[in-house]
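2 protein chains.
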Amino acid sequence: MDIENLKFEDGLVTAIAQDYKTGDVLMVAFMDKEALKKTIETKRGYYWSRSRRKLWKKGESSGHEQIVHDILIDCDADAVLLKVEQIGGACHTGYRSCFYRTIDGEVIGEKLFEPDEIYKQ
Amino acid sequence: MDIENLKFEDGLVTAIAQDYKTGDVLMVAFMDKEALKKTIETKRGYYWSRSRRKLWKKGESSGHEQIVHDILIDCDADAVLLKVEQIGGACHTGYRSCFYRTIDGEVIGEKLFEPDEIYKQ
């Protein structure tokens, strides 16, 4: 599919990263057209930060990049699912997945690193 | 966690539904506070439709509802991950998952029903 045919709502599609082997959902973020193009071209996860209003490469500070094995799109063509090999942890808090706790606050995720040791000034 | 502490951007959080056994990502949608409350209370998946601007229950027309086993939240508290038992297909097109094709257009998903036979006028 030509990515021009995807439906970018307010310029963005929802992007879910899932471990290509375990099926664990690692994170969800947004992509603009450029982020999706760079992800396809480089086979590394790129996203659009809504808060910082800029393109970012997953792992650009931490080295915890995502090697993208497959990209699926949903029925409405307004969301993509990346099947990735996650180097290190997906979450900036040090957990393997951003979904490391239940809605009741119980921590169920695996912590892989201490953020202070990875994200240095 | 009190759901008042979640970050509803423009009134919404991103909501991913994942098969609680296989790990397959079934769909992604949005929830407003009411949809999340009803999901927690009833253990069935409710969402907010951005196009129709209304609350909807997954399966309200088709019977293909979602029995919610767990709800996880992400690091930023602006997304939820539902671990669900999906009755029938998650996708209105008849596929088990809304992510039934690759970005190159190859269909990889399993079709479970014909929409015309399920969604009757």
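The listed protein sequences correspond, in order, to chains A and U. Number 119 in UniProt numbering belongs to position 119 of the first sequence; there are no gaps in the numbering. Number 9 in UniProt numbering belongs to position 9 of the second sequence; there are no gaps in the numbering. Here a beta-carbon is modelled for each residue, glycine too, at the ideal position from N, C-alpha and C.
Legend entry - C-alpha distance - A/Glu65 paired with A/Arg44, whole-angstrom precision: What you label residue 65 of chain A is simply residue 65 of the first sequence in a count that begins at 1. What you label residue 44 of chain A is simply residue 44 of the first sequence in a count that begins at 1. Going from the Cα of A/Glu65 to the Cα of A/Arg44 covers about 7 angstroms.
Legend entry - Pairwise C-alpha distance: U/Arg50 and U/Ile16: As a first step, residue 16 of chain U is located in the second sequence; it is residue number 16 there, counting from the start. As a first step, residue 50 of chain U is located in the second sequence; it is residue number 50 there, counting from the start. So the alpha carbons of these two residues sit roughly 15 angstroms apart.
Legend entry - Beta-carbon separation (whole angstroms), A/Leu6 vs A/Gln18, contact threshold 8 angstroms: Within the first sequence, residue 6 of chain A is the residue found at index 6, counting from 1. Within the first sequence, residue 18 of chain A is the residue found at index 18, counting from 1. Contact flag wrong, Cβ pair sits at about 18 angstroms.
Legend entry - Three-pair Cβ contact test at 8 angstroms for the segment 31 to 44 of chain U versus the segment 98 to 114 of chain U: no
Inset, instruction - Check A/Thr22 in the structure and name its three-state DSSP category. - result: Translated into the one-based positions of the first sequence, residue 22 of chain A becomes position 22. Correct three-state label for A/Thr22: coil.
Legend entry - CB-CB length for U/Thr14 against U/Asp76, believed under 8 angstroms: Counted from its first residue, the second sequence places residue 14 of chain U at position 14. Counted from its first residue, the second sequence places residue 76 of chain U at position 76. Rounded, the Cβ-Cβ distance is 10 angstroms, inconsistent with contact.
Inset, instruction - Give me the Cα-Cα distance between U/Phe8 and A/Glu9, rounded to the nearest whole angstrom. - result: Against the second sequence, residue 8 of chain U aligns to sequence position 8. Against the first sequence, residue 9 of chain A aligns to sequence position 9. If you take the alpha carbons of U/Phe8 and A/Glu9, they lie about 17 angstroms apart.
Inset, instruction - Identify each residue in the segment 58 to 84 of chain U for which the Cβ-Cβ distance to at least one residue of chain A is less than 8 angstroms, and report them in chain order. - result: Asp70, Ile71, Leu72, Ile73, Asp74, Cys75, Asp76, Ala79, Val80 and Leu81
Legend entry - Beta-carbon separation (whole angstroms), U/Gly94 vs U/Leu112, contact threshold 8 angstroms: Position 94 of the second sequence holds residue 94 of chain U. Position 112 of the second sequence holds residue 112 of chain U. At roughly 6 angstroms, the Cβ-Cβ gap stays under 8 angstroms, so U/Gly94 and U/Leu112 are in contact.
Legend entry - Residue-level contact to chain U via CB, A/Gln18, 8 angstroms cutoff: Walking along the first sequence from the start, residue 18 of chain A turns up at place 18. At least one chain U Cβ lies under 8 angstroms of A/Gln18.
Inset, instruction - Output, in chain order, the set of chain A residues within a Cβ distance shorter than 7 angstroms of U/Met31. - result: Translated into positions along the second sequence, residue 31 of chain U becomes position 31. Within chain A, no residue comes near U/Met31; the closest Cβ sits about 12 angstroms away, beyond 7 angstroms.
Inset, instruction - Output yes if chain U places a C-beta closer than 8 angstroms to the C-beta of A/Ile118; else output no. - result: On the first sequence, residue 118 of chain A is found 118 positions in, with the first residue counted as 1. So, not an interface residue.
Inset, instruction - Using a Cβ-Cβ cut-off of less than 8 angstroms, list which residues of the segment 88 to 106 of chain U approach chain A; keep chain order. - result: Cys91, His92, Thr93, Tyr95, Cys98, Phe99, Tyr100, Arg101, Thr102, Ile103, Asp104 and Gly105
Legend entry - Under 8 angstroms by beta carbon: chain U residues contacting A/Thr14: For this step, residue 14 of chain A is matched to residue 14 along the first sequence. Simply Thr14 and Val28.
Legend entry - Segment limits, beta strand (DSSP E) that includes U/Leu81: Locating residue 81 of chain U in the second sequence gives position 81, counting from the first residue. Taken as a continuous stretch (DSSP letters only), the beta strand (DSSP E) holding U/Leu81 covers Ala79 to Gln86.
Inset, instruction - Look up U/Asp70 in the DSSP assignment and give the residues it is bridged to. - result: Translated into the one-based positions of the second sequence, residue 70 of chain U becomes position 70. Answer is U/Lys83.
Legend entry - Any C-beta of chain U under 8 angstroms from that of A/Gly23: Numbered from its first residue, the first sequence carries residue 23 of chain A at position 23. Taking Cβ atoms only, chain U reaches closer than 8 angstroms to A/Gly23, which makes this a yes.
Legend entry - 8 angstroms contact criterion, which U/Glu85 and U/Tyr20 should meet: CB distance rounded: By 1-based counting over the second sequence, the position of residue 85 of chain U is 85. By 1-based counting over the second sequence, the position of residue 20 of chain U is 20. About 6 angstroms separates the two Cβ atoms, so the contact holds.
Inset, instruction - May I have the straight-line CA-CA distance separating A/Ile3 from U/Gly89, to the nearest angstrom? - result: Indexing the first sequence from 1 puts residue 3 of chain A at position 3. Indexing the second sequence from 1 puts residue 89 of chain U at position 89. Between A/Ile3 and U/Gly89, the C-alpha separation is close to 26 angstroms.
Inset, instruction - Can you have a look at A/Asp74 and say buried or exposed, based on whether 16 or more other CB atoms are within 10 angstroms of its CB? - result: In the first sequence, the residue the question calls residue 74 of chain A occupies position 74. By the neighbour-count rule (16 or more Cβ atoms within 10 Å), A/Asp74 is buried.
Inset, instruction - Please classify A/Leu12: does DSSP put it in a helix, a strand, or coil? - result: Position 12 of the first sequence, counted from the start, is the residue given in the question as residue 12 of chain A. Three-state result, A/Leu12: strand.
Inset, instruction - Could you say which of U/Glu117, U/Glu34 and U/Ser62 lies nearest to residue 136 of chain U if we only look at CA atoms? - result: Because chain U here runs from 1 to 121, residue 136 of chain U falls outside it and cannot be looked at.
Legend entry - Residue interval of the alpha helix (DSSP H) (run including U/Lys111): Residue 111 of chain U sits at position 111 when you count from the first residue of the second sequence. Note, U/Lys111: premise wrong, no alpha helix (DSSP H); not H, not E.
Legend entry - Pair within 8 angstroms by beta-carbon distance, A/Asp32 and A/Trp48: Position 32 of the first sequence, counted from the first residue, corresponds to residue 32 of chain A. Position 48 of the first sequence, counted from the first residue, corresponds to residue 48 of chain A. In contact: A/Asp32 and A/Trp48 (Cβ atoms closer than 8 angstroms).
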